[in-house]
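>
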Amino acid sequence: MAELSDIQNEFIRDEIEEFLEVEEERDRTVELFANVSPEMQAIAGALIEGEHHVVDDLTRQALDVGTEALEVMDDGLIAGMSIVGIKFRDNFIFVPEVLACARAMKAGMAHIEPILSEAGIEPIGTVVMGTVKGDLHDIGKNLCIMMLRGSGFEVCDLGVDTSEDEFIDAVEEHGAGLMGMSALLTTTMPNMGKTIEAFIDADMREEVKIMVGGAPVTQDFADDMGADGYGKDAVACVELAKRLLKEKEEELEE
Ligand code: B12
Numbered sequence: 001m002a003e004l005s006d007i008q009n010e011f012i013r014d015e016i017e018e019f020l021e022v023e024e025e026r027d028r029t030v031e032l033f034a035n036v037s038p039e040m041q042a043i044a045g046a047l048i049e050g051e052h053h054v055v056d057d058l059t060r061q062a063l064d065v066g067t068e069a070l071e072v073m074d075d076g077l078i079a080g081m082s083i084v085g086i087k088f089r090d091n092f093i094f095v096p097e098v099l100a101c102a103r104a105m106k107a108g109m110a111h112i113e114p115i116l117s118e119a120g121i122e123p124i125g126t127v128v129m130g131t132v133k134g135d136l137h138d139i140g141k142n143l144c145i146m147m148l149r150g151s152g153f154e155v156c157d158l159g160v161d162t163s164e165d166e167f168i169d170a171v172e173e174h175g176a177g178l179m180g181m182s183a184l185l186t187t188t189m190p191n192m193g194k195t196i197e198a199f200i201d202a203d204m205r206e207e208v209k210i211m212v213g214g215a216p217v218t219q220d221f222a223d224d225m226g227a228d229g230y231g232k233d234a235v236a237c238v239e240l241a242k243r244l245l246k247e248k249e250e251e252l253e254e
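Take the sequence shown: its letter number 54 is residue 54 in this note's numbering, and every next letter is one higher.
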């Protein structure tokens with residue numbers, strides 16, 4: 001098991017020491033950062049401090065020297081955001097600070113997006129994606145969209161606070177066989193189920209495969225509300241989208 005002293009970046013060490021009070025989270029975070037490069041630790045550190053210009057520069061530099069976009073995303077940006085999440089939950093920081101971190105995350109993602117989206121081939125399928133009604137969190141959804149586009153999907157992004165009708169209209173308009181919903185709040189998770197019910201009421205449930213995700217969402221929750229699949233992260237989202245697309249095509253052949 002890794003030790004705090006295995007992490008080279010002093011700022012990250014201090015953050016873990018000062019703010020991570022839950023032993024299991026602390027051990028997991030130490031393990032994570034002890035195994036990532038100093039460059040990724042620096043990106044995570046700048047993100048935690050909400051320094052979007054620094055994240056912008058460091059992300060560009062890392063990609064310029066050949067670091068994989070996925071490594072920068074997972075080991076730099078998402079790793080940094082995981083510490084931000086814990087500090088926010090435990091009231092060490094508040095909405096303005098988190099917004100600064102989100103802005104820094106977006107500055108880094110702006111460099112990653114063109115790389116992950118550069119498939120440039122015939123779209124393999126169309127996906128409608130949105131964050132559910134009442135929910136303004138879009139970082140995770142946007143990462144999923146980047147990865148989906150990079151894997152050849154055409155994505156219609158409905159943004160945040162998406163109503164049932166907006167999902168229905170977009171699926172109809174784009175003839176999409178796949179749809180993804182994101183929710184980050186326990187209070188907005190039920191809106192995923194409500195949206196699925198709206199599809200049933202509109203007699204459109206059979207037309208679209210529905211996948212769900214977001215930090216509080218689980219496989220059990222997805223099963224309970226009648227979704228076709230759940231993905232824990234952006235990589236899982238792409239695998240799931242491919243599997244559901246295949247199932248959809250097989251159903252159409254029958
Ligand atoms: C950033 C953030 C914000 C930012 C959002 C900025 C933005 N543009 O998104 C701001 C400051 C606006 C914000 C506001 C609020 N937030 Co907030 N926020 C967060 C924070 C710190 C990080 C979320 C994030 O971006 N994570 C990083 C991304 C990469 O991870 P992710 O979203 O989980 O996405 C991944 C997977 O889940 C999956 N995925 C996501 N979507 C989908 C979809 C599909 C189909 C699939 C397959 C997979 C998938 O793939 C993604 C990539 O790997 C979380 C803490 C946390 N631990 O989640 C709190 C958190 C979600 N927020 C919380 C709260 C309480 C709020 C506020 C109510 C605070 C307030 N008092 O105003 C408001 C609500 C605003 C609203 N109506 O939505 C709570 C929710 C608690 C709860 N039980 O519901 C959390 C958990 C913090 C906490 N207290 O612990 N927040």
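Glycine included, each C-beta is placed from N, C-alpha and C at the ideal position.
1. On the three-pair Cβ rule with 8 Å, is the segment 130 to 139 touching the segment 182 to 192?
2. Measuring from the CB of PRO190, is there a heavy atom of ligand 1 at a distance below 7 Å?
3. If we ignore side chains and look at the alpha-carbon of each, how far apart do LEU240 and LEU99 end up?
4. Per DSSP, which one or two residues make a beta bridge with MET181?
5. Check whether the segment 78 to 88 and the segment 13 to 20 are in contact - that is, three or more C-beta pairs closer than 8 Å.
6. On the DSSP letters alone, give me the boundaries of the beta strand (DSSP E) that PHE94 sits inside.
7. In the DSSP assignment, find the alpha helix (DSSP H) that holds VAL65 and state where it starts and stops.
8. For a quick check, are the C-beta atoms of LEU158 and VAL128 less than 8 Å apart?
9. In terms of alpha-carbon separation, which member of ILE115, ILE168, SER163 and THR162 lies closest to MET146?
10. Return the Cβ separation of ALA69 and ILE112 in integer angstroms, given the expectation that the two are a contact with Cβ distance under 8 Å.
11. Report back the beta-carbon spacing between GLY80 and ILE139 to the nearest angstrom; my notes put them in contact at under 8 Å.
12. On a Cα-Cα basis, can you pick out the residue from THR218, ALA215, GLU253 and ASP165 that is closest to MET204?
13. With 16 as the cutoff for other CB atoms within 10 Å, does ILE200 come out buried or exposed?
14. Just to confirm my understanding: we take GLU154, look at its own chain, exclude 5 residues before and 5 after, and list those with CB closer than 6 Å. What are they?
15. Span of the alpha helix (DSSP H) holding ASP14?
16. Just the Cα atoms here: how many angstroms apart are ALA34 and ASP233?
17. Alpha carbons only, please: which of GLY177, GLU206 and PHE167 is nearest the one belonging to MET192?
18. I need the straight-line Cα distance from GLN41 to MET179, nearest angstrom please.
19. In or out: ASP224 buried (at least 16 other Cβ within 10 Å) or exposed?
20. Drop a sphere of 10 angstroms on the beta-carbon of ALA222, count the other beta-carbons inside from all chains shown, and report buried for 16 or more, exposed for fewer.
So, from the listed chains and residues:
1. Yes, since at least three Cβ pairs between the segment 130 to 139 and the segment 182 to 192 fall closer than 8 Å, the two stretches touch.
2. Locating residue 190 in the sequence shown gives position 190, counting from the first residue. For ligand 1, not one heavy atom lies less than 7 Å from the Cβ of PRO190.
3. Here residue 240 refers to the residue found at position 240 when the sequence shown is read from its first residue. Here residue 99 refers to the residue found at position 99 when the sequence shown is read from its first residue. For LEU240 and LEU99, the distance between alpha carbons rounds to 30 Å.
4. Here residue 181 refers to the residue found at position 181 of the sequence shown. MET181 is bridged to GLY130 and VAL212.
5. yes
6. By 1-based counting over the sequence shown, the position of residue 94 is 94. Neither: PHE94 is in no beta strand (DSSP E) and is coded neither H nor E.
7. Position 65 of the sequence shown, counted from the start, is the residue given in the question as residue 65. Where VAL65 is concerned, there is no enclosing alpha helix (DSSP H), given that its DSSP letter is neither H nor E.
8. Working through the sequence shown from its first residue, we reach residue 158 at position 158. Working through the sequence shown from its first residue, we reach residue 128 at position 128. Taking 8 Å as the Cβ cut-off, LEU158 and VAL128 qualify as a contacting pair.
9. To locate residue 146, count along the sequence shown from 1; it is residue 146. Per the Cα distances, ILE115.
10. What you label residue 69 is simply residue 69 of the sequence shown in a count that begins at 1. What you label residue 112 is simply residue 112 of the sequence shown in a count that begins at 1. The Cβ separation is near 5 Å, so the contact holds.
11. Sequence index remark: in the sequence shown, residue 80 carries index 80 (1-based). Sequence index remark: in the sequence shown, residue 139 carries index 139 (1-based). Rounded, the Cβ-Cβ distance is 12 Å, inconsistent with contact.
12. Taking the first residue of the sequence shown as 1, we reach residue 204 at position 204. The shortest Cα separation from MET204 among THR218, ALA215, GLU253 and ASP165 belongs to ASP165.
13. Your numbering for residue 200 matches position 200 in the sequence shown. Answer is exposed; the Cβ neighbour count stays below 16.
14. On the sequence shown, position 154 is the one that residue 154 refers to. Excluding its 5 nearest sequence neighbours in each direction, GLU154 has C-beta neighbours in its own chain below 6 Å: PRO123 and THR126, listed in chain order.
15. Counted from its first residue, the sequence shown places residue 14 at position 14. Counting along the chain, the alpha helix (DSSP H) containing ASP14 begins and ends at 10 to 19.
16. Looking up residue 34 in the sequence shown gives position 34. Looking up residue 233 in the sequence shown gives position 233. For ALA34 and ASP233, the distance between alpha carbons rounds to 22 Å.
17. For this step, residue 192 is matched to residue 192 along the sequence shown. Here the closest residue by C-alpha is PHE167.
18. Position 41 of the sequence shown, counted from the first residue, corresponds to residue 41. Position 179 of the sequence shown, counted from the first residue, corresponds to residue 179. When rounded, the distance between both Cα atoms is 35 Å.
19. Along the sequence shown, read from residue 1 onward, the residue named residue 224 stands at position 224. So ASP224 ends up on the exposed side.
20. In the sequence shown, counting from the first residue as 1, residue 222 sits at position 222. Classification of ALA222: buried, given that the 10 Å Cβ count is 16 or more.
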